[in-house]
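Student:
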Amino acid sequence: MDWCPSIAFALCLVAFSCILLCLYKHFFWDPSSISLSLLRAGLPVLPYSPVIGSVAHLKRVRDAVASVVLQSPSDHDIAPLALPFYSRTHLQIGIPFVYWWGTQPRLVVCDPDDIKQILSTKFKDYKKSDVTSKFLSRILGIGLLTSEGEDWHNQRQIIRHAFFQEKLNGMVDIMASCALKMMKEWQNIVEKEGGQAELEVAHHIKDTMADIIARTSFGSSYEKGKAVFEKQAELVELMMQDVVANSTIPGYKYIPTPMNLRCWKLERIIENELKEIVEARRRAANTPRSSSPSSSTVPEGEVSVFDENAGKILRLEKDLLGWMLPSEEQVDRLGMMKLNTRQVVDECKTFFFAGYETTSHLLAWSVVLLAHYSDWQERSRQEVLHLHMEEGQPLSSHHLSKLKIVILVPYFMKFYASTHLFQS
């Protein structure tokens, strides 16, 4: 039996060699082969560094402009500051070009016709980026932004009803109330400072957007929802600090680093608190309603709120969560599709992630431009005041079509892209 240790050693050596070969193929051979093929096809390709790809170069370019301040909003060429890597590489080697995110090659396309073909004509040939989806799924679960195929289609079919114009009009009062609260806070700060004060407007706008999303998503449970969103914002910030490792190193999220330990704790808190909100709402939606004529019919999309102390339904409310949680009666009678608790929790995360940063940045940039072009700011203000005096009542969503100047502000914001998109 003296040969047993030799066989065991040989088997271990073979296994170790196979692992090394797989690592070499994944981190060296495959990227080199792909780079060579892309260069032969005539596409400019940035040099590949083992494991990290072009990320080091991307970080150097980003850090170089991190301290640069936009001198004037009148210079609308903001791409070199907002997306310096893409802008500088485009000037150096042209568009389209290929760079490496870890071991994944990414083709950068800016031509509108090419983008239209990818997203519209041949959208089935391009899937969501595996690397990006794996990273986002840790924050969002399998929601609308990360799901594919039939799952994506079913989720979209259920959620899209909440974004019809008439449904959004019903949320305008909530949005106006939150905005008014922010304006009163500004007024109080200015009064305390003696009539003039310096405000961090972007910070206030972010707080207001979190408040609006929480109220329109969770209705009467908005305080719990806002607390969850604050934890999710912290989770996103932590993961973005280690985005390269999270996206490129296999199994990195399972390594008990101090940052991962904090992320795990936040993930558990977010999951548990969202599940509590969803389950409470699901029970309320299926609570037997009073037999009184006024409560015998529940309009589609509205959710009943049951007061356990009073033993009766107190009121109905409209929110995004209500659209994702139809009652069993609506499922049976109207044939509505149903999301399970896991899917609803993931969609709640997606609403906040997708709407919070992009919308708050859009509003902050709108304020910057209106401050720079003060004549347009004054014309917009006078238009609102004039319409208010004409109507003799607070303005609502039905008055938006009459605001010809104000409506131009979000129209011109279309010229500023809210994000860049990754497809595989």
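Residue numbering for the sequence shown is 1 to 424, as defined by full-length UniProt numbering.
Beta carbons: idealized from backbone N, C-alpha and C, even for Gly.
Quick caveat, the model's predicted, so the values are computed rather than measured.
Just verifying my parser: in three-state terms, what is the DSSP assignment at P5?
Tutor: P5 falls in the helix class under three-state DSSP.
Student: Measuring straight from C-alpha to C-alpha, what distance separates S6 and F16?
Tutor: Computed Cα separation, rounded: 15 angstroms.
Student: Which residues does DSSP list as the beta-bridge partners of P105?
Tutor: The partner list for P105 (beta bridge, DSSP) reads W100.
Student: Would A64 be called buried (16 or more neighbouring beta carbons within 10 Å of its own) or exposed?
Tutor: Per the 10 Å Cβ criterion, exposed.
Student: Ignore the nearest five residues each way along the sequence and tell me which others in I34's own chain have a CB closer than 8 angstroms to its CB.
Tutor: Excluding positions up to five away in sequence, the list reads P105.
Student: Restricting to Cα atoms, I'd like to know which of R262, I159 and L11 is closest to D319.
Tutor: For D319, the nearest C-alpha among the options comes from I159.
Student: Rounded to a whole number of angstroms, what is the C-alpha to C-alpha distance between R138 and M239?
Tutor: Using only the alpha carbons, I get a separation of about 9 angstroms.
Student: Which ranges would you report for the beta strand (DSSP E) in the segment 114–170 if only whole runs of at least 3 residues count?
Tutor: Entirely contained in the segment 114–170, not one beta strand (DSSP E) run reaches 3 residues.
Student: Given a threshold of 16 other Cβ atoms within 10 Å of its Cβ, counted over all protein chains shown, does P394 qualify as buried or as exposed?
Tutor: With fewer than 16 other Cβ atoms within 10 Å, it is exposed.
Student: Return the residue from the list I78, K167, S37 and V367 that minimises the CA-CA distance to H398.
Tutor: Among I78, K167, S37 and V367, the Cα nearest to that of H398 is on K167.
Student: Can you list, in chain order, the residues of its chain whose CB lies under 7 angstroms from that of G225, leaving out five sequence neighbours each side?
Tutor: Excluding positions up to five away in sequence, the list reads A214, S217, F218 and I277.
Student: With H398 as the anchor, note down where its alpha helix (DSSP H) starts and where it stops.
Tutor: Run containing H398: none; DSSP gives neither H nor E here.
Student: Is the distance from the Cβ of G53 to the Cβ of G94 below 9 angstroms?
Tutor: No, the pair does not count as a contact, with Cβ atoms beyond the cut-off.
Student: Could you give the first and the last residue of the continuous alpha helix (DSSP H) run that contains F27?
Tutor: Unbroken run through F27: none, as it is neither H nor E.
Student: What does a CB cutoff of less than 6 angstroms around I405 pick up in its chain, not counting 5 residues either side in sequence?
Tutor: Correct list, in chain order: R379, S380 and E383.
Student: Out of Y24, S32 and L107, point me to the one whose CA is closest to P44's CA.
Tutor: P44 has its Cα closest to that of L107, out of Y24, S32 and L107.
Student: Ignoring anything shorter than 4 residues or poking outside the segment 28–89, list the alpha helix (DSSP H) runs there in chain order.
Tutor: Taking only runs of at least 4 residues, the alpha helix (DSSP H) segments lying wholly in the segment 28–89 are 30–40, 55–65 and 79–82.
Student: Report the rounded CA-to-CA distance for Q92 versus R62, giving the unit in angstroms.
Tutor: About 16 angstroms.
Student: Near L70, what residues of its chain come up, given a Cβ to Cβ distance below 8 angstroms and the 5 sequence neighbours on each side ignored?
Tutor: The answer, listed in chain order, is I78 and L81.
Student: Can you give me the Cβ contacts of S49 inside the same chain, cut-off strictly under 7 angstroms, excluding the 5 residues immediately before and after it?
Tutor: Result list for S49: A56, in chain order.
Student: Taking Y99 as the reference, which of P112, T358 and F85 has the closest Cα?
Tutor: Among P112, T358 and F85, the Cα nearest to that of Y99 belongs to F85.
Student: With H, G and I counted as helix, E and B as strand and the rest as coil, what does DSSP make of A227?
Tutor: A227: helix per DSSP, three-state reduction.
Student: Where does P410 sit, in a helix, a strand or coil, going by DSSP?
Tutor: The answer is helix: DSSP assigns P410 an H, G or I state.
Student: Between the Cα of L400 and those of K127, A176, R156 and Q157, spot the shortest distance and give me the residue it belongs to.
Tutor: Ranking K127, A176, R156 and Q157 by Cα distance to L400 puts A176 first.
Student: If you draw a straight line from the alpha carbon of M259 to that of R268, how long is it in whole angstroms?
Tutor: Rounded to whole angstroms, M259 to R268 spans 14 angstroms at the Cα level.
Student: Within its chain, find whatever has a CB closer than 8 angstroms to the CB of P293; leave out the 5 residues flanking it on each side and keep chain order.
Tutor: At P293 the pLDDT is 42, less than 50, meaning the model places this residue with poor confidence; the figure from the coordinates comes in the next sentence. Cβ neighbours of P293 beyond the five flanking positions: none.
Student: Where do the ends of the alpha helix (DSSP H) carrying F218 lie?
Tutor: Taken as a continuous stretch (DSSP letters only), the alpha helix (DSSP H) holding F218 covers V201 to F218.
Student: Taking the alpha-carbon positions, what's the T146 to V243 distance?
Tutor: Near 17 angstroms, if we compare the C-alpha coordinates of V243 and T146.
Student: Could you check what DSSP says for T350 in three-state terms: helix, strand or coil?
Tutor: Helix, per DSSP.
Student: Compute the Euclidean distance between the alpha carbons of T89 and K59, then round it to the nearest angstrom.
Tutor: Whole-angstrom Cα-Cα distance: 13 angstroms.
Student: Excluding sequence positions up to five away, which residues of its chain have a Cβ less than 7 angstroms from the Cβ of L266?
Tutor: Here the set comprises K231, E234 and L235.
Student: Nearest-angstrom Cα distance between F9 and C18?
Tutor: Whole-angstrom Cα-Cα distance: 14 angstroms.
Student: Cα separation between A245 and A285?
Tutor: Their Cα atoms are separated by approximately 42 angstroms.
Student: Would you mind sorting C4 into buried or exposed? The rule is 16 or more other CB atoms within 10 Å of its CB.
Tutor: With fewer than 16 other Cβ atoms within 10 Å, it is exposed.
Student: Which class does E198 belong to by DSSP, given the choice of helix, strand or coil?
Tutor: If DSSP states are grouped into helix, strand and coil, E198 belongs with coil.
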